[in-house]
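K.L.:
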Amino acid sequence: MWTIEDSENLYGVEGWGNGYFAINEQGNLAVYPRKEASGGVDVMEVVRRIDELGVAEFPVLFRFPQILEDRLEEINGAFLASMEELEYRGGYRLVFPMKVNQRKEVVEYIATGGKRLNVGLEVGTKAELLAALSLGLGPEALIICNGYKDSDYLKLALKFGDAHNIVIVIDIFEEIFDLIRCSKELGSKPILGLRTKLFSRGSGRWEESGGELSKFGLSTAEILESIRILSDNGMIDRLKMLHFHIGSQITDIRKIKIAMNEAARIYAKVRKVADVEYFNVGGGLSVDYDGSKTPTPASANYTLQEYSNDVVYTLQRTCDEEQVPCPTIVSESGRAIAAYHSFLAFKVIGKKNSKEGLDVVAEEDDPVQIEDMRQALDNMDLENYAEFYHDALHYREELFDAFNLGNIGLEERSKGDLLFWKVCQKAASFADADENDSEEFESLKKLLSKKYIGNFSLFQSVPDMWGVQQIFPTMPLHRLHEEPRVRGTIADITCDSDGEIRSFAGENADFLPLHDLLEDEDYYLGTFLLGAYQDTLGDFHNLLGCANEVHVVVEDGGWRISRVVRGDACEKLLRFFNYDPEERLGEMVARCCGDEGEREKATEMIRKALGEYTYFKKRYLRA
Ligand SMILES: *Cc1c(COP(=O)(O)O)cnc(C)c1O
1 MWTIEDSENL YGVEGWGNGY FAINEQGNLA VYPRKEASGG VDVMEVVRRI
51 DELGVAEFPV LFRFPQILED RLEEINGAFL ASMEELEYRG GYRLVFPMKV
101 NQRKEVVEYI ATGGKRLNVG LEVGTKAELL AALSLGLGPE ALIICNGYKD
151 SDYLKLALKF GDAHNIVIVI DIFEEIFDLI RCSKELGSKP ILGLRTKLFS
201 RGSGRWEESG GELSKFGLST AEILESIRIL SDNGMIDRLK MLHFHIGSQI
251 TDIRKIKIAM NEAARIYAKV RKVADVEYFN VGGGLSVDYD GSKTPTPASA
301 NYTLQEYSND VVYTLQRTCD EEQVPCPTIV SESGRAIAAY HSFLAFKVIG
351 KKNSKEGLDV VAEEDDPVQI EDMRQALDNM DLENYAEFYH DALHYREELF
401 DAFNLGNIGL EERSKGDLLF WKVCQKAASF ADADENDSEE FESLKKLLSK
451 KYIGNFSLFQ SVPDMWGVQQ IFPTMPLHRL HEEPRVRGTI ADITCDSDGE
501 IRSFAGENAD FLPLHDLLED EDYYLGTFLL GAYQDTLGDF HNLLGCANEV
551 HVVVEDGGWR ISRVVRGDAC EKLLRFFNYD PEERLGEMVA RCCGDEGERE
601 KATEMIRKAL GEYTYFKKRY LRA
């Protein structure tokens, strides 16, 4: 008997779910936005509600604002716990870097949910700064400005700085001259920071973000020169922050320890000549996407608590040694805040590569190879399957040759093909039973794997899976008390062969175990941990637009849909790429329609399509 525990092990939910996701008694995926057993949301109940109310077509991006809030509290709590345990004499401030997710709803949830904790924002461009200023953050929250700054960006930051605790971090040495000039021009007294370029680097996919060759940060010589320039201009009292960032998704805790050591030492030295209050450790806190707890790109070998302990401990020790005051620690842990709060739910609308179902009828004048193939199929067992499989390979070659020479027709060729796939399937199942994992049979299994077609766009919704081959856990949202007997991969609906989910978290990294498709029931899959970087990095391949969003909150022992955000209609996509759908409508319709009535209908048809969701609307009839 297959149990939900078997599904749990198979899909590794506990490993990557971090307490927010689990399989419930009904065999459905459940979300626990506050990690409380009593506050679970059965995802399939929400799916049914969405259908009943007709509020959104699939694919639907689910957001859980309370997960964002819980992340803020958990990260803040971890730092406070480390500080208490180590008796650290300084404070902590969490800051959300907007480049991780600029969606208004998301940043608003963070701003609101983080008000009590004075969670701030980090921005990297003037557009992000404008967005941050529009949100009405708490009075104590910091806005940290990084990135390349032109005079518009600098002036905005200077003008609104006093009222908003804006910290201008000098990322590139030359910026300091513009900054001094602009601040004199505006007569403002900015809060300044310096970003240091460490010798130490991160680990994992983004390790180039740190180290001596990194794009941002000042070398030690530039830091000394900046301090001198600020002093000469009577602004050294404005230097309040030291910042570093060694890259995202740091997979190995040792890299963090090494970088912290170096950065803390720089802080201590600078603290002797300037009254620096904030020590900003940047981002990098990783998310365990595959649940393996290893220093591999989709995972990490440390916990949140270990991270905060290391940061706090190193800083405390260095400050003690150097006899300087302990600063307020700032961290910009974007991925760790945002990743968990959203997932994409989509329907399977068909399958490819399905070589079953069609019957092969024997006939008198079948070529001998077809008869032999049939014999192989009938007589195959656990002892001889390899041999019969090899025979079948050979018969198929012969049939191809015969076809190319014009000796057999399409009918025979197709019959041979079908029989061959049946032999392969049977051989693969014997190989399974035999625990035969030789290369030959592994690649046979791969050849036989199914492709389910998911109604979504990988490029729009999971861009890092395409761009940097990152793993995001994917699994069925229901039927988890049934054994999934189909091995498959998931193709999206773009016309691009890269649009396919081919690596998975859990036991079978190259395949996803899937359930058979049923005639009378939709099959739903989810791709998880999409909240960091995926929302705005996605593109509009094939003009597939943003997905519909449904936001869900738990309250009073139940849950409710708190918000629906409509995804893009075709018209929005066209206009985004500078088409005017009305422009040639009349001409186009006139060209293909005879009379007035027909023209009206055609115009109506186009207008309707323009207003529709860009994704596939109905289920395919299945193969
Ligand atoms: C990208 C970035 C971050 C966020 O990094 P995560 O790994 O997502 O936490 C933080 N700070 C700066 C300066 C960044 O550029």
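Residue numbers (full-length UniProt numbering): 1 to 623. Glycine is no exception: its CB is placed at the ideal position from the N, C-alpha and C atoms.
(1) From L448, N455, A505, pick the residue whose C-alpha is nearest to that of Q470; which is it?
(2) Work out the CA separation of D492 and Q66 for me, nearest whole Å.
(3) Give the C-beta separation of T603 and N542 to the nearest angstrom, bearing in mind that I take them to be a contact with Cβ-Cβ under 8 Å.
(4) Using 8 Å for Cβ pairs, my map puts R238 next to V324. What's the rounded Cβ distance?
(5) If you draw a straight line from the alpha carbon of Y620 to that of G350, how long is it in whole angstroms?
(6) Once DSSP output is grouped into helix, strand and coil, what is the label at Y109?
(7) Note down, one range per segment and in chain order, each alpha helix (DSSP H) of at least 4 residues found wholly within the segment 250-323.
(8) Is the separation between the beta-carbon of F62 and that of A345 shorter than 7 Å?
(9) Using only CA atoms, which one of M1, R563, Y523 lies nearest to M44?
(10) Where in the UniProt domain "Arginine decarboxylase helical bundle" (363-445) do unbroken runs of the alpha helix (DSSP H), each at least 4 residues long, occur, reported from the N-terminal end onward?
(11) Would you list the residues sitting across from H209 in a DSSP beta bridge?
(12) Is the beta carbon of F472 less than 7 Å from the beta carbon of L529?
(13) Please name the residue or residues paired with L512 in a DSSP beta bridge.
(14) In chain order, which beta strand (DSSP E) runs of at least 3 residues are fully inside the segment 37-75?
(15) To which residues of the same chain is Y395 closer than 6 Å at the C-beta, ignoring the five residues directly before and after it?
(16) Tell me whether G488, by its Cβ, gets closer than 6 Å to a heavy atom of ligand 1.
(17) Would you tell me roughly how many angstroms separate the C-alpha atoms of T614 and L585, rounded to the nearest one?
(18) Pull up the CB-CB distance for G40 and I4, whole angstroms please, since I reckon it's below 8 Å.
(19) Can you grab the Cα-Cα spacing for the pair R71 / Y109, in whole Å?
(20) One question on the structure: do H243 and R195 come within less than 7 Å of each other, judged by their Cβ atoms?
(21) What residues in its chain sit with their C-beta under 6 Å from that of G499, if we drop five residues either side in the sequence?
(22) With DSSP collapsed to three states, give me the class of P581.
(23) Does DSSP put C145 in a helix, in a strand, or in coil?
(24) Less than 6 Å between the CB of N146 and some heavy atom of ligand 1, yes or no?
(25) Suppose contacts are defined by Cβ-Cβ distances below 7 Å. Is A157 in contact with I166 by that definition?
(26) Within 10 angstroms of the Cβ of C570, are there 16 or more other Cβ atoms? Answer buried if so, exposed if not.
(27) So, T251 versus S292, is the Cβ gap smaller than 7 Å?
(28) To the nearest whole angstrom, what separates the beta carbons of E105 and V553, a pair I think is in contact under 8 Å?
(29) Using a 10 Å radius around the Cβ and a threshold of 16 neighbouring Cβ atoms, would you call G558 buried or exposed?
(30) Measuring alpha carbon to alpha carbon, tell me which residue in V47, I23, G19 is nearest K35.
(31) Quick check: is any heavy atom of ligand 1 less than 6 Å from the C-beta of P97?
(32) Return the first residue and the last residue of the beta strand (DSSP E) that T474 is part of.
(33) Between the Cα of S503 and those of A547, E174, L537, K446, spot the shortest distance and give me the residue it belongs to.
(34) Taking Cβ to Cβ, would you say E262 is nearer than 7 Å to T328?
(35) Can you confirm whether the segment 86-104 touches the segment 46-61 when touching is taken to mean that 3 or more C-beta pairs between the two stretches lie within less than 8 Å?
(36) Within 10 Å of its beta-carbon, does T527 have 16 or more other beta-carbons around it, so buried, or fewer, so exposed?
P.N.:
Reading it off the structure:
(1) A505
(2) 29 Å
(3) Rounded, the Cβ-Cβ distance is 25 Å, inconsistent with contact.
(4) So it is not a contact: roughly 19 Å between Cβ atoms.
(5) At Y620 the pLDDT is 46, less than 50, meaning the model places this residue with poor confidence; the figure from the coordinates comes in the next sentence. Using only the alpha carbons, I get a separation of about 6 Å.
(6) Helix, per DSSP.
(7) Annotation note: the segment 250-323 contains the following uninterrupted alpha helix (DSSP H) runs of length 4 or greater, listed N- to C-terminal: 253-271, 304-322.
(8) yes
(9) Ranked by Cα distance from M44, the options M1, R563, Y523 are led by Y523.
(10) 368-379, 385-404, 410-433
(11) Looking at the sequence provided, one finds Ser at residue 209 rather than His. Per DSSP, none; premise fails for S209.
(12) yes
(13) G488
(14) Here the runs fully enclosed are 60-63.
(15) Q369, D372, M373
(16) no
(17) Whole-angstrom Cα-Cα distance: 19 Å.
(18) Not confirmed; about 14 Å, so no contact.
(19) 12 Å
(20) yes
(21) Excluding sequence neighbours, G499 sits near L458, D492.
(22) coil
(23) If DSSP states are grouped into helix, strand and coil, C145 belongs with the strands.
(24) yes
(25) yes
(26) Buried, because 16 or more other Cβ atoms sit within 10 Å of the Cβ of C570.
(27) no
(28) Actually they do not touch by this definition, with Cβ atoms about 13 Å apart.
(29) exposed
(30) G19
(31) yes
(32) 474-476
(33) K446
(34) Their beta carbons are not under 7 Å apart, which means E262 does not touch T328 by this criterion.
(35) no
(36) buried
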